[in-house]
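Working notes for the structure below.
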């Protein structure tokens, strides 16, 4: 008949189940797998309750019993102490036996495990202690042990319909875990998709902004004011180039004097040749910056230096002295004043052009627009990277979903004992 019941059970379990209908399917499975469990459990609950009451009564009799047995004082003392411990523990066991109101397999299984666990208690620290209690109260102990055995037998009968289905029960216990995992994963996928939708909307807005600002930049560059700005900018660059070239020419013109002037300065510092304050100033001005020296009376400074060299032939060696004097004559014959005027003119023109450029607001407008464009492009890049990460995360979640679906399906088939068609939309 067992094989026939198994076949009937499989036939009663639907082969198709939807994810949202698993709870209903599990209820049908329980009815098919544990047919008759309710009636059996209800009957045995009554029996176990009766045994519990009888146990409490027999415990009370053991507690109040007076021994008439002849035993050594030592055994009597140990027996009485052991009885007190045993009575206390047995009362605790009896109190823990709470008959459930439900007769479903989960409640029956849980009640069985909790009750059998509480029954596994020691009757004393050793067999000697048990022997001592039995030696003093043989009939009372016999009744208690009989109650406990009857209780164990009733519990075994209670769990008997489930014993051959431990594998299915184990699978049944796993189902809620898989269902919850799948729901959480589906929710996570939905959240990532919503996040992507929001990010894509922000991307579209930024792309429109970038396109608009790019057009505005092109329009700015087509304005007459911008063309004027670029013309002034070109003019400024040309003037600055001319000024740099002029100042480079001046520096090159004075370079041949550098060694001689440094030598004169060193001789003055060491006391070999003492210079006047005017002579020191003339040398220092040219050594510090020939360009700035143009702003002073450069010719006067050159004549002071020439007089130093001509006035004391010992300050420079003959060849160096002759070269320096020749170059001083060359500089004195050069129109340095004209170069100074040209430099001042270029500086004035540069300041004028810079002032004109600063008055043109179009550059500020263009720079603000370019800054806004760069910022929008940076935000767009970050959003696109975020979308890519979210898509990668979704891929990982979907793989986990497929794995959880596979495990759930295997579990359902383990429960039903046959192939199951699990209808589930993962995403």
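Residue numbers (the numbering used here): -14 to 412. Beta carbons: idealized from backbone N, C-alpha and C, even for Gly.
Quick one: grab the DSSP three-state call for residue 260.
-> Assigned with DSSP and collapsed to three states, residue 260 falls in coil, not helix or strand.
Residue 3 in three-state terms, based on DSSP = The answer is strand: DSSP assigns residue 3 an E or B state.
Taking the alpha-carbon positions, what's the residue 131 to residue 160 distance?
-> Near 40 Å, if we compare the C-alpha coordinates of residue 160 and residue 131.
If you draw a straight line from the C-alpha of residue 92 to the C-alpha of residue 44, how long is it?
-> Between the alpha carbons of residue 92 and residue 44 lies a distance of about 28 Å.
Once you ignore the five residues that flank residue 36 on each side, which residues in its own chain have a CB closer than 8 Å to its CB?
-> Excluding five sequence positions before and after residue 36, the CB atoms of its chain that fall closer than 8 Å to its own CB belong to 132, 135, 136, 139, given in chain order.
C-beta contact flag for residue 2 and residue 397 at 8 Å = Closer than 8 Å, so yes.
Residue from 407, 406, 402, 408 with nearest C-alpha to residue 150 | Ranking 407, 406, 402, 408 by Cα distance to residue 150 puts 402 first.
In the DSSP assignment, find the alpha helix (DSSP H) that holds residue 199 and state where it starts and stops.
-> Its alpha helix (DSSP H) spans residues 151 to 207.
List in chain order: all unbroken alpha helix (DSSP H) runs of 4+ residues lying wholly within the region 232 to 257.
-> Here the runs fully enclosed are 243 to 255.
Residue 409 versus residue 182 - alpha carbon distance = Approximately 24 Å, taken between the alpha carbons.
At which residues does the beta strand (DSSP E) containing residue 407 begin and terminate?
-> Counting along the chain, the beta strand (DSSP E) containing residue 407 begins and ends at 406 to 408.
How many angstroms separate the CA atom of residue 187 from the CA atom of residue 368?
-> Taking the straight line joining both Cα atoms gives about 8 Å.
Short check: CB of residue 289 to CB of residue 267, under 8 Å?
-> Contact flag set, yes.
Less than 8 Å separating the beta-carbons of residue 404 and residue 0?
-> For the 8 Å CB-CB criterion, residue 404 and residue 0 form a contact.
Does the distance from the C-beta atom of residue 172 to that of residue 90 stay below 8 Å?
-> With a cutoff of 8 Å on beta-carbon distance, residue 172 and residue 90 are scored as not near each other.
Are the CB atoms of residue 221 and residue 331 nearer to each other than 8 Å?
-> The answer is no: Cβ separation not under 8 Å.
Is the region 219 to 234 close to the region 321 to 330, with three or more CB pairs under 8 Å?
-> Taking 8 Å as the limit for Cβ pairs, the verdict is that the region 321 to 330 does touch the region 219 to 234.
Once you ignore the five residues that flank residue 394 on each side, which residues in its own chain have a CB closer than 7 Å to its CB?
-> Only 405, 407 meet the Cβ criterion.
Sub-8 Å separation of residue 83 and residue 382 beta-carbons = Against a cut-off of 8 Å, the Cβ pair of residue 382 and residue 83 comes out as no contact.
Leaving out five residues on either side along the sequence, give the residues of the same chain with a beta carbon under 6 Å from the beta carbon of residue 375.
-> Correct list, in chain order: 177, 180, 181.
Mind checking residue 309: buried by the 16 CB within 10 Å criterion, or exposed?
-> Burial check for residue 309: the Cβ neighbour count within 10 Å reaches 16 or more, so the residue is buried.
Give the single residue among 334, 256, 287 whose Cα lies nearest to the Cα of residue 319.
-> Between residue 319 and the set 334, 256, 287, the nearest pair of CA atoms involves 287.
Since residue 59 is in the alpha helix (DSSP H), which residue starts that stretch and which ends it?
-> For residue 59, the uninterrupted alpha helix (DSSP H) segment begins and ends at 58 to 81.
Residue environment, residue 68, which counts as buried when at least 16 other CB atoms sit within 10 Å | Classification of residue 68: buried, given that the 10 Å Cβ count is 16 or more.
Going by the beta-carbon positions, is the gap between residue 246 and residue 272 smaller than 8 Å?
-> Contact check for residue 246 against residue 272 passes: the beta carbons are separated by less than 8 Å.
Cβ atoms of residue 120 and residue 60: under 8 Å apart, would you say?
-> Judged by beta-carbon spacing, residue 120 lies within the 8 Å limit of residue 60, meaning their Cβ atoms are closer than that value.
Whole angstroms is fine: what's the gap from residue 420's alpha carbon to residue 189's?
-> There is no way to answer for residue 420, as the model of the chain reaches only from -14 to 412.
Taking only the alpha-carbon atoms, compute the straight-line gap between residue 296 and residue 306 and give it to the nearest angstrom.
-> Residue 296 and residue 306 have their C-alpha atoms spaced approximately 11 Å apart.
Among 39, 199, 85, 164, nearest to residue 388 - alpha-carbon criterion = A check of alpha carbon separations from residue 388 across 39, 199, 85, 164 identifies 164 as the nearest.
Cβ pair residue 210, residue 345 closer than 8 Å = Taking 8 Å as the Cβ cut-off, residue 210 and residue 345 qualify as a contacting pair.
Taking Cβ to Cβ, would you say residue 399 is nearer than 8 Å to residue 156?
-> Yes, these two residues count as a Cβ contact at 8 Å.
Can you tell me whether residue 264 is buried or exposed, with buried defined as 16 or more other CB within 10 angstroms of its CB?
-> So residue 264 counts as buried.
For residue 361, count neighbouring Cβ atoms within 10 angstroms of its own Cβ and tell me buried if that reaches 16, exposed if not.
-> Residue 361 should be labelled buried.
Give me the Cα-Cα distance between residue 50 and residue 98, rounded to the nearest whole angstrom.
-> If you take the alpha carbons of residue 50 and residue 98, they lie about 32 Å apart.
Taking the alpha-carbon positions, what's the residue 280 to residue 328 distance?
-> Their backbone Cα atoms lie some 10 Å apart in a straight line.
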